[in-house]
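Residue numbers (the numbering used here), protein chains in the order written: chain A, 34 to 392; chain B, 34 to 392.
The C-beta atom is built at its ideal place from N, Cα and C for all residues, glycine as well.
Number of protein chains: 2
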Amino acid sequence: MYNKYIEKIKTYEAGKPIELVVREYGIEPKDVVKLASNENPLGCSTKVAEAIAKNANRASIYPDDSMYELKKALSKRFGVDRNDIIIGAGSDQILEFISHVKLNQNSSILTSNITFAMYEIYAKQFGAKVIKTPSYKHIVNEFKEAIKEHNPDIVYICTPNNPTGDATKRDDVFEIIKATPKESLVVVDCAYMEYVEDEEYKLEPKDFISFSNVIYLGTFSKAYGLGGMRVGYGIANRDLIKILYKVRPPFNITTLSLLSAIEACRDEEFVKKSVALNREQMQRYVEFANKNNLEYIPSFTNFITYIFKEQNSSTIATNLMKKGIIIRDLASYGLNAIRITIGLSEQNDKLFKELSKEL
Amino acid sequence: MYNKYIEKIKTYEAGKPIELVVREYGIEPKDVVKLASNENPLGCSTKVAEAIAKNANRASIYPDDSMYELKKALSKRFGVDRNDIIIGAGSDQILEFISHVKLNQNSSILTSNITFAMYEIYAKQFGAKVIKTPSYKHIVNEFKEAIKEHNPDIVYICTPNNPTGDATKRDDVFEIIKATPKESLVVVDCAYMEYVEDEEYKLEPKDFISFSNVIYLGTFSKAYGLGGMRVGYGIANRDLIKILYKVRPPFNITTLSLLSAIEACRDEEFVKKSVALNREQMQRYVEFANKNNLEYIPSFTNFITYIFKEQNSSTIATNLMKKGIIIRDLASYGLNAIRITIGLSEQNDKLFKELSKEL
Numbered sequence: 034m035y036n037k038y039i040e041k042i043k044t045y046e047a048g049k050p051i052e053l054v055v056r057e058y059g060i061e062p063k064d065v066v067k068l069a070s071n072e073n074p075l076g077c078s079t080k081v082a083e084a085i086a087k088n089a090n091r092a093s094i095y096p097d098d099s100m101y102e103l104k105k106a107l108s109k110r111f112g113v114d115r116n117d118i119i120i121g122a123g124s125d126q127i128l129e130f131i132s133h134v135k136l137n138q139n140s141s142i143l144t145s146n147i148t149f150a151m152y153e154i155y156a157k158q159f160g161a162k163v164i165k166t167p168s169y170k171h172i173v174n175e176f177k178e179a180i181k182e183h184n185p186d187i188v189y190i191c192t193p194n195n196p197t198g199d200a201t202k203r204d205d206v207f208e209i210i211k212a213t214p215k216e217s218l219v220v221v222d223c224a225y226m227e228y229v230e231d232e233e234y235k236l237e238p239k240d241f242i243s244f245s246n247v248i249y250l251g252t253f254s255k256a257y258g259l260g261g262m263r264v265g266y267g268i269a270n271r272d273l274i275k276i277l278y279k280v281r282p283p284f285n286i287t288t289l290s291l292l293s294a295i296e297a298c299r300d301e302e303f304v305k306k307s308v309a310l311n312r313e314q315m316q317r318y319v320e321f322a323n324k325n326n327l328e329y330i331p332s333f334t335n336f337i338t339y340i341f342k343e344q345n346s347s348t349i350a351t352n353l354m355k356k357g358i359i360i361r362d363l364a365s366y367g368l369n370a371i372r373i374t375i376g377l378s379e380q381n382d383k384l385f386k387e388l389s390k391e392l
Numbered sequence: 034m035y036n037k038y039i040e041k042i043k044t045y046e047a048g049k050p051i052e053l054v055v056r057e058y059g060i061e062p063k064d065v066v067k068l069a070s071n072e073n074p075l076g077c078s079t080k081v082a083e084a085i086a087k088n089a090n091r092a093s094i095y096p097d098d099s100m101y102e103l104k105k106a107l108s109k110r111f112g113v114d115r116n117d118i119i120i121g122a123g124s125d126q127i128l129e130f131i132s133h134v135k136l137n138q139n140s141s142i143l144t145s146n147i148t149f150a151m152y153e154i155y156a157k158q159f160g161a162k163v164i165k166t167p168s169y170k171h172i173v174n175e176f177k178e179a180i181k182e183h184n185p186d187i188v189y190i191c192t193p194n195n196p197t198g199d200a201t202k203r204d205d206v207f208e209i210i211k212a213t214p215k216e217s218l219v220v221v222d223c224a225y226m227e228y229v230e231d232e233e234y235k236l237e238p239k240d241f242i243s244f245s246n247v248i249y250l251g252t253f254s255k256a257y258g259l260g261g262m263r264v265g266y267g268i269a270n271r272d273l274i275k276i277l278y279k280v281r282p283p284f285n286i287t288t289l290s291l292l293s294a295i296e297a298c299r300d301e302e303f304v305k306k307s308v309a310l311n312r313e314q315m316q317r318y319v320e321f322a323n324k325n326n327l328e329y330i331p332s333f334t335n336f337i338t339y340i341f342k343e344q345n346s347s348t349i350a351t352n353l354m355k356k357g358i359i360i361r362d363l364a365s366y367g368l369n370a371i372r373i374t375i376g377l378s379e380q381n382d383k384l385f386k387e388l389s390k391e392l
């Protein structure tokens, strides 16, 4: 009765929200420490919060669907033309557009072994097969071989990579692009790029505009502190953007989301402050790991992945949750590991204290 | 290179926003009267606006993806189980889910001749054919014949109908449902149902739960005044809801949208006030039509459609826009008509004054 490949899909379950911990464990909302979804621990820019509060009564008005002002801001920030930009409800939605225009039951995607779950989820929503390289890291030779063998329709490069936190060198990204046939798309997902400070790993959207088959994805959900507002963007050659526009629903972000993103672009200081706090607190997570002889993946992001040998990651995640600390268990990714968002100093204190008891 | 049926799609252009009129005609935002998108002229509930303002700094936090509180509120309001509900970014997104699970290049949908544009747009995004009955009204016999002849995979009943404003009698809706084979879905789109006061035309979601193949759609965009927040819902038998969940992206509405919808459910007075204002001002639009010998479609909604004989609807729409009044030209629907959202008394005064000059 329904499309066959749809019926096979398992329903995705998102990370646990604060509300659930409050409901299930009777913990006060103020006592819950959520370090599970890589939200910005500083919240959002006060300028954004002020703009939302001031414009709250615009909730009834549809947004400017041309997204004129936001595209202008992004165009200026990245040195690209407004026609090279598409806005999505999170960069997630742009992944959906890409999957929609490109995939069907005869196609496939290629990803690294452990990466952002939505690539696979959207591929399956369009009936496509998912091929993974052996490593979670984006190893050029592994990608080259898989491309040669499977000729995937979309190649995903997630850098920095979620949920592992590692990044791919700029030169390696371009090598993978060069190894991909022009008929296939390469998606360079840079949701965490603002946190990357090493020049060897830094990518800019304008580096990819000259390719007909490469798209750069960015988001306001992380360093810009707008996770709850669902705004992301894709930047690519305008012919590719035009195709994606064919499956974009009108009014795909809210009026207050549009306004928040425009305002967020005006407060680069907030991003700098967020990155600085992250750098400082990340150091504490590295020290905690070293002190406790815990394996970790060196991170280019606002989260860190701790890998366990003796303990069980799911048990630890559950025990922490009962104490009001939400982190992300990576068991479903095939890793005996947890992913922890770098929080505020006092949140991290609490995490260290409670996690110590589990080790 | 892309899915063939995607390349054929024309990009959808949404109605003109206030920002565009400001930019193109140099009119001050406060002087623009927008009666084009069926937004609530009262804005949103003050309780909603207050809740948004108070929670503006939650922009950084992902929403509770289980939408626990909102489903609880809707469940109470409609007397249905929470498992019979799915939330979308506007009811639009639920149309997309339905199209996604059901349609492909071998399928078709059936709609009345003139109805909500998104049914066709989403059908084409999945390669399906669109069949239309001869009339814009939902005539039972026309639907029966078309169902028999074409065996469509989805039958759309838009009541009240957008952009014409007419409604389908309750008994007729059930006759169309009975004439539809169980393997096909019937979508009963009731975005404007809050404005319907005639019992013969009133529909309730719970009337459809016993059918395995019928879904009721509602929205917070109209009478609830949340057009800019993108929140709609689908209510159906839970087996159907489960299938739709397979293609729902996580976090498909924003944190502030979720909070707004929950708050809106707590202020039914606002809806009553909106409906009362609409009833009172609608009467003026009927009188204006009668006085000017203008043909109109009796409306069950918050908008009215004026049909022209001598004048050209596109010329009128452009002339009004230059004066800062945005209404919807229906030329693209094959009607020499305009659709006007019923505004506040003073907005309607301005519309009547300027439209008079065009007649």
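Original post:
CB L377 of chain A to CB P74 of chain A, shorter than 8 angstroms?
Top reply: yes
Original post:
Using a Cβ cut-off of 7 angstroms, which residues of the stretch 63-90 of chain B contact any Cβ in chain A, in chain order?
Top reply: S70, E72, N73, G76, C77, V81, A82, I85, A86, A89, N90
Original post:
Any idea which residues DSSP pairs D64 of chain B with across the strands?
Top reply: Its beta-bridge partners do not exist; DSSP assigns none.
Original post:
Quick one: what's F336 of chain B bridged to in DSSP?
Top reply: In DSSP, F336 of chain B forms a bridge with B:T374.
**OP:** Could you check which residue in A:Y339, A:K135, A:E182, A:V173 has the C-alpha nearest to that of F159 of chain A?
**Re:** When each option's Cα is compared against that of F159 of chain A, the closest is A:K135.
**OP:** Quick one: using the 10 Å Cβ neighbour count with 16 as the cut-off for buried, is T123 of chain A buried or exposed?
**Re:** In the sequence as displayed, the identity of residue 123 of chain A is Gly instead of Thr. So G123 of chain A counts as buried.
Subject >> Short Cβ contact (8 angstroms threshold) for L289 of chain B with N88 of chain B >> reply: Annotated as proximal: L289 of chain B and N88 of chain B, with beta-carbon spacing under 8 angstroms.
Original post:
Taking DSSP as the reference, what is the three-state secondary structure of T287 of chain A?
Top reply: coil
**OP:** Could you tell me which of B:R203, B:F284, B:M151 sits nearest to T44 of chain B, measuring between CA atoms?
**Re:** Closest in alpha carbon position to T44 of chain B, among B:R203, B:F284, B:M151, is B:M151.
Subject >> Beta-carbon proximity of R372 of chain B to T338 of chain B, cut-off 8 angstroms >> reply: Between R372 of chain B and T338 of chain B, the C-beta gap is smaller than 8 angstroms, which places the two residues in contact.
**OP:** Excluding the 5 residues preceding and the 5 following H133 of chain A in the sequence, name in chain order all residues of the same chain whose CB lies nearer than 6 angstroms to its CB.
**Re:** Cβ contact annotation for H133 of chain A (same chain, cutoff 6 angstroms, sequence separation greater than five): V280, in chain order.
Original post:
Pick from B:I210, B:N311, B:P331, B:K211: whose alpha carbon is nearest that of N194 of chain B?
Top reply: The residue among B:I210, B:N311, B:P331, B:K211 with its C-alpha nearest the C-alpha of N194 of chain B is B:P331.
Original post:
Opposite D222 of chain A in the DSSP bridges: which residues?
Top reply: For D222 of chain A, which the question treats as bridged, DSSP gives the partners A:C191, A:L250.
Subject >> Per-residue burial, P282 of chain B [other beta carbons within 10 Å of its own, 16 or more giving buried] >> reply: buried
**OP:** Could you tell me how far apart the beta carbons of H171 of chain B and S141 of chain B are, in whole angstroms, since I believe they sit closer than 8 angstroms?
**Re:** Under the criterion of beta carbons closer than 8 angstroms, H171 of chain B and S141 of chain B do not qualify as touching, at roughly 17 angstroms.
**OP:** With DSSP as the reference, label L143 of chain B as helix, strand or coil.
**Re:** Strand.
**OP:** Determine the direct distance from the alpha carbon of T374 of chain A to that of G198 of chain A, and round the result to whole angstroms.
**Re:** 11 angstroms
Original post:
Is the CB of A106 of chain A under 8 angstroms away from at least one CB in chain B?
Top reply: no
Original post:
Between the C-alpha atoms of K80 of chain A and L103 of chain A, what's the straight-line distance to the nearest angstrom?
Top reply: 16 angstroms
**OP:** State the beta-bridge partners of V163 of chain B as determined by DSSP.
**Re:** Paired residue(s): B:I142.
Original post:
In chain order, which continuous runs of the alpha helix (DSSP H) of length 4 or greater are located wholly inside the stretch 85-130 of chain A?
Top reply: 101-111
**OP:** Using a Cβ-Cβ cut-off of less than 8 angstroms, list which residues of the stretch 348-362 of chain A approach chain B; keep chain order.
**Re:** none
Original post:
Comparing the C-beta of S290 of chain A with each C-beta of chain B, is any distance below 8 angstroms?
Top reply: yes
Original post:
For D240 of chain B, does the three-state DSSP call read helix, strand or coil?
Top reply: helix
**OP:** Any chance you could list the alpha helix (DSSP H) runs of at least 4 consecutive residues sitting entirely within the stretch 261-330 of chain B, in chain order?
**Re:** Counting only runs of at least 4 residues, the stretch 261-330 of chain B fully encloses the following alpha helix (DSSP H) elements, listed from N- to C-terminal order: 271-278, 288-298, 301-324.
Original post:
When we look at the beta-carbon of D362 of chain A and count the other beta-carbons within 10 Å, is it buried (16 or more) or exposed?
Top reply: Buried: at least 16 other Cβ atoms inside 10 Å.
**OP:** Check whether the Cβ of Q158 of chain B lies closer than 8 angstroms to any Cβ atom in chain A.
**Re:** yes
Subject >> Delimiting residues of the alpha helix (DSSP H) encompassing I172 of chain A >> reply: Premise fails: I172 of chain A is in no alpha helix (DSSP H) and is neither H nor E.
**OP:** Determine, using beta carbons only, whether E216 of chain B comes closer than 8 angstroms to chain A.
**Re:** yes
**OP:** Using the DSSP secondary-structure output, state which residues sit across from R361 of chain A in a beta bridge.
**Re:** A:R372
Original post:
Looking at the structure shown, is T351 of chain A part of a helix, part of a strand, or coil, going by DSSP?
Top reply: helix
Subject >> Pairwise C-alpha distance: D125 of chain A and I187 of chain B >> reply: Between I187 of chain B and D125 of chain A, the C-alpha separation is close to 27 angstroms.
Original post:
CB-CB under 7 angstroms to A106 of chain B, same chain, minus the five flanking residues each way: which ones, in chain order?
Top reply: I295, C298
Subject >> contact_flag[the stretch 261-277 of chain A, the stretch 231-240 of chain B] where n(CB pairs < 8 angstroms) is 3 or more >> reply: Between the stretch 261-277 of chain A and the stretch 231-240 of chain B, the count of Cβ pairs shorter than 8 angstroms is below three; the stretches do not touch.
Original post:
How would you list, in chain order, the residues of chain E whose beta-carbon sits under 7 angstroms from the beta-carbon of T252 of chain B?
Top reply: The question asks about chain E, but that chain is absent: this structure's protein chains are A and B.
**OP:** Identify, in the order they occur along the chain, each residue of the same chain with its Cβ nearer than 7 angstroms to the Cβ of K356 of chain B, setting aside the five sequence neighbours on each side.
**Re:** Its chain contains E387 as the residues whose beta carbon lies nearer than 7 angstroms to that of K356 of chain B, once the 5 sequence neighbours on both sides are disregarded; these appear in chain order.
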